[in-house]
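Student: Using the numbering used here, you'd call the opening residue of the sequence shown number 1 and step up by one each time.
Where is the CB? At the ideal position from N, CA and C, for every residue including glycine.
Everything numeric in this text was worked out from a predicted model, so none of it was measured.
A single structure is presented below for examination.
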Amino acid sequence: MQEVRHTLTTEEELFCTRYELEILSGIVNYNRLERWVPGFCNSHTHQEHVARYDWVKDFVKDKIVLDIACGTGFGSYKLLVEGGAASVTGYDNDERTIRYASLKNRHANLFFKLQDAESFGSGEQYDIIVSFETVEHLKQPEKFLTNINRSLVANGTCFISTPISGTPENDHPDNIYHQREWGFGRFRELVKNFLTIEEVYLQLNDAGITRNDFLSRVLQKTGLKQNDRLHETLQPEPRKWDPQEIKEELVGTQWTGYQLLQCRKKTDDGR
């Protein structure tokens, strides 16, 4: 799909610069980043986000796609231009973020709209719905999942992701922007009430390795190369979960990271 470029006006450039400076201020002063803004987060976090959209873009060719909690629109644009989607609509609940996304990612088949994940319901239906790192921000995730199922076409597909908690449910996550986080199995129990789960993917780090600052310093000082198996566990690409390789009870404890669910619209008979 041919990329379409537009020149921003001076006022639009100033708006985008102010938005970026506010993001930078939040990081510098408070070490907080609510939305993924390319260029304003550490490289590992950026790679994780990019990897999720790279994973999904193989599914979207010629599809009508909805990206819920699209943020600044980087991923939505990737699905359209690199994935070859017929059209992509991005929803976010922050008016300034939607304006920024619209200015930075202009394309005839890319649309950004101010919508809330818990209450959207325009009546439109989509072949593919994508929503990464959204559900944990919501006070009423059940409404969100209901909206997704209602907004999918028959046999439509949804891709959602969320951090994996070390406890079944955590109502006081470390991330101040999160309302709740779920353990590996508990989140799937929630989702399957609203959608049919077809595949489970993981983005994992070895908790023992990533949390051991002393070991990290030793590796850095000595220049020792991590072994291949360790190196693999620190890669951001989503990988299909193999319970024979990674036991379910170890996900969230020995292994930390994110689960990504590939789901299908749930039919009236519950299938």
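1) For W255, report the span of its beta strand (DSSP E) as first-last.
2) Using only alpha-carbon positions, find the residue among P238, C158 and T253 that is nearest to I64.
3) What does DSSP give as the partner residue(s) for V50 in the beta ladder?
4) Going by alpha carbons, who is nearest to K265 out of L79, D116, P38 and L152?
5) Below 8 Å on the Cβ atoms is my contact criterion, and I expect I197 with L261 to pass it. Report the Cβ-Cβ distance as a whole number of Å.
6) When you compare the region 86-97 with the region 39-56, are there three or more beta-carbon pairs, one atom per stretch, that lie closer than 8 Å?
7) Anyone know if the C-beta pair for F120 and N147 falls short of 8 Å?
8) Could you tell me the distance, in whole angstroms, from the CA atom of L8 to the CA atom of E245?
9) Shortest alpha-carbon distance to H44 belongs to which of E133, F144, N205 and T253?
10) On the DSSP bridge list, what partners appear for Y126?
11) Terminal residues of the continuous alpha helix (DSSP H) containing T97?
12) Less than 8 Å separating the beta-carbons of N105 and Y77?
13) Can you name the start and end residues of the alpha helix (DSSP H) that V191 belongs to?
14) Put R18 into one of helix, strand or coil per three-state DSSP.
15) So the candidates are G257, V251 and E199; which of them puts its Cα closest to the Cα of C263?
16) Quick one: is K247 buried, meaning 16 or more other Cβ sit within 10 Å of its Cβ, or exposed?
17) Among D268, H6, G75 and G183, whose alpha-carbon lies nearest the alpha-carbon of T256?
18) By a C-beta neighbour count over all protein chains shown, 10 Å radius and 16 as the cutoff for buried, is E283 buried or exposed?
19) Report yes if the C-beta of I160 is less than 7 Å from at least one heavy atom of the ligand PLP; otherwise report no.
20) Out of curiosity, what's the CA-to-CA distance linking W36 and E20?
21) Which same chain residues end up closer than 6 Å to L145 when comparing Cβ atoms and leaving out the 5 residues on each side of it in sequence?
22) If we call anything under 8 Å between Cβ atoms a contact, is Q254 one with E48?
Tutor: So, to answer that:
1) W255 to K265
2) In terms of CA proximity to I64, C158 leads the group P238, C158 and T253.
3) Bridge partners of V50 according to DSSP: none are assigned.
4) L152
5) 6 Å
6) No: fewer than three Cβ pairs fall under 8 Å.
7) yes
8) 50 Å
9) Taking only the C-alpha atoms, the option nearest H44 is N205.
10) L152
11) E95 to K104
12) Contact flag set, yes.
13) Per DSSP, V191 belongs to the alpha helix (DSSP H) from F184 to V191.
14) helix
15) E199
16) exposed
17) If we check each option's Cα against that of T256, G183 comes out closest.
18) The question about residue 283 has no answer here: the residues shown for the chain are numbered 1 through 271.
19) This structure lacks the ligand PLP, and indeed carries no ligand of any kind.
20) 11 Å
21) Scanning its chain for C-beta atoms nearer than 6 Å, with the 5 sequence neighbours on each side dropped, one finds around L145 the residues F194, in chain order.
22) no
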